[in-house]
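Protein sequences, first through last, are from chains A and B. Residue numbers for the first sequence follow our numbering, beginning at 20 and rising by one. Residue numbers for the second sequence follow our numbering, beginning at 20 and rising by one. Note sheet for the following structure.
There are 2 protein chains.
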Amino acid sequence: MPMPEKNPPENGYVHGYSARESERLADQAQTLTELLHHDTHYPAGSRVLEAGCGIGAQTVILAKHSPDALITCIDISKDSLERAQEKIRHEGITNVTFRQGDIFHLPFEPESFDHIFVCFVLEHLADPQRALGQLRPLLKKGGTITVIEGDHGSTFFHPENADARRAIDCLVELQQRGGGNALIGRELFPLLTGAGFSDVRVSPRMVYVDSSRPSFVEGFTKLTFTAMVEGVAEEVRKQELMTPGAWERGIAGLYRTAESDGVFCYTFFKAVARK
Amino acid sequence: MPMPEKNPPENGYVHGYSARESERLADQAQTLTELLHHDTHYPAGSRVLEAGCGIGAQTVILAKHSPDALITCIDISKDSLERAQEKIRHEGITNVTFRQGDIFHLPFEPESFDHIFVCFVLEHLADPQRALGQLRPLLKKGGTITVIEGDHGSTFFHPENADARRAIDCLVELQQRGGGNALIGRELFPLLTGAGFSDVRVSPRMVYVDSSRPSFVEGFTKLTFTAMVEGVAEEVRKQELMTPGAWERGIAGLYRTAESDGVFCYTFFKAVARK
């Protein structure tokens, strides 16, 4: 198997593969399902490639929204694939098949798919435009590619907290040191046009959270975003990106935005383009 | 007339009152009309107060969307009021009356209005929650208040440019020195709940701009946002907030985001609450 450009082993997957991380991904998927996925439905019989399915957090949603499409999922990590398969079996979903593979060297014939779906993958790649360029030949003419990514630079909140900002910047920096880009959401338009796709339509999906939306306070501000930041605590300490005191204040500042007068904003980007 | 807390004369209205500024406000109003105002319609016969109408950029839209409501507009500036009146006459609108007044000392009886509308006003006030608290008694029980504000801290773009960021920070700083808050959009929920309103519902309205949306590239990225930043150039120079070279690079960086591979994002916040 070729050396994966995703999740470079020398740095590791920036979010890690722990049990807590899996829970976080599940919580995130549940809270964000409607916001990110409500407008993705593939027709019966259409062949769909999910490139980089990870542990299948998005796969379950994708398959349920398009129960009669034939979905093929690939991922570089064997462990992730096994868990994705288990999840799919557990949910009783039967229209998904899995295959291990590198997004840069996929074992498929040209024009094998009607549609391609890529969610939270490009952020981890050193050359995301090349990845999109590699996927394009696999698509039939007129087929669509859907890409969803976050953008940590879209984060803002109330009350303001300089340490919380710095903690988020650490996440961005770690992802960059790992060869990825945590600010990739805003770049979907130039990446897709640059890779030769046409009719590129990007729609931002802001998660706006105040205390009138308690499920988002729990499910997003605390269990998704702040948990994700907390997940790199050890790496931040090891690489001495922040002092332990400032880090603690930053995390406390993020939790502070989840109180009754707090506000938290984060934007995902969803793009649909055509071959 | 009481000393206005809005537009403190020692600092001046941060955006100025020049002809170019008026054009900017008109362009902004046109581009953003649909995004910000499409869901505001007041019933026939209802009495609506627009607090802080300025030169009437929003008033025209408000009046057209609710042609049978009775709209009363107040503003602290006599000049602005005269121009708003002229604009309304020019448009042939007949359901608007104007009155000069300070938002903190309004010449109206309690419960005079069914609805209140406040757009791009709170950002200029030293104590916006007190202003909302002063407006509340003027509203009938069960009536609504609608508040729209921007938030410069929501700005992000591609390609990244540190000088452009710093130029935006200058705008935030100048507004703060003038007693205002250019980051107020995110605070609408706590401000309205803190002022005693209930059922506060905030919806973010992101202006997402890439080259597939040329009217927004022109109307928002260039003619609204970048023009607004350019409008404080002299003040930035006087107060030595940035070197002339860095400022020029910052402005160039903002225009750069309007090119074919550029992206620009800015978020307004609209809140509706009930007495």
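Built from N, CA and C at the ideal position, the CB exists for glycine as well. These numbers were taken from a predicted model, which means no experiment stands behind them.
Helix, strand or coil, according to DSSP, for residue i in the structure here?
i	result
Val282/B	strand
Ala292/A	strand
Asp202/A	Here the sequence assigns Leu to residue 202/A, which means Asp is not the residue at that position. If DSSP states are grouped into helix, strand and coil, Leu202/A belongs with coil.
Tyr274/A	helix
Arg232/A	coil
Val248/A	helix
Ala265/B	helix
Leu260/A	coil
Gly215/A	coil
Pro209/B	helix
Thr59/B	coil
Glu237/B	helix
Glu254/A	helix
Leu54/A	helix
Is the CB-CB distance between residue i and residue j below 8 Å?
i	j	result
Ala277/A	Val236/A	yes
Gly18/A	Asp87/A	Look at the range of chain A in this structure, 20 to 294, and you will see that residue 18/A is not part of it.
Lys289/A	Thr165/A	yes
Leu158/A	Glu130/A	yes
Met225/B	Thr286/B	yes
Ala186/A	Ile270/A	yes
Pro147/B	Leu210/B	yes
Val219/A	Ala292/A	yes
Thr91/A	Thr116/A	yes
Leu151/A	Ala214/A	yes
Ile167/A	Phe139/A	yes
Phe208/A	Val228/A	no
Phe136/B	Glu69/B	yes
Gly75/B	Ile93/B	no
Thr245/A	Leu202/A	no
His56/A	Ser85/A	no
Based on the DSSP output, what are the partners of residue i in its beta bridges?
i	result
Arg66/B	Leu89/B
His134/B	Val67/B, Thr163/B
Met225/A	Thr286/A
Arg220/B	Val291/B
Exposed or buried, what is residue i when buried is set at 16 or more other beta-carbons lying within 10 Å of its beta-carbon?
i	result
Asp142/A	The question names Asp, but residue 142/A in the sequence shown is Glu. With 16 or more other Cβ atoms within 10 Å, it is buried.
Phe283/A	buried
Asp98/A	exposed
Arg66/A	buried
Arg205/B	buried
Ala145/B	exposed
Gly162/A	buried
Ala181/B	exposed
Glu259/A	exposed
Ser234/A	exposed
Glu53/A	exposed
Gly264/B	exposed
Gln194/B	buried
His177/B	buried
Asn217/A	According to the sequence shown, residue 217/A is Ser rather than Asn. Exposed, because fewer than 16 other Cβ atoms sit within 10 Å of the Cβ of Ser217/A.
Pro62/A	exposed
Thr262/A	exposed
Ser279/A	exposed
Gly281/A	buried
Glu249/A	buried
Pro126/B	exposed
(message) To test your reading of the DSSP string, which unbroken beta strand (DSSP E) runs of 3 or more residues are found completely within the segment 140-199 of chain A?
(response) 158-168, 175-177
(request) Taking only runs that begin and end inside the segment 74-126 of chain A, name each unbroken beta strand (DSSP E) of 3 or more residues, in chain order. (result) The qualifying runs are 89-94, 115-119.
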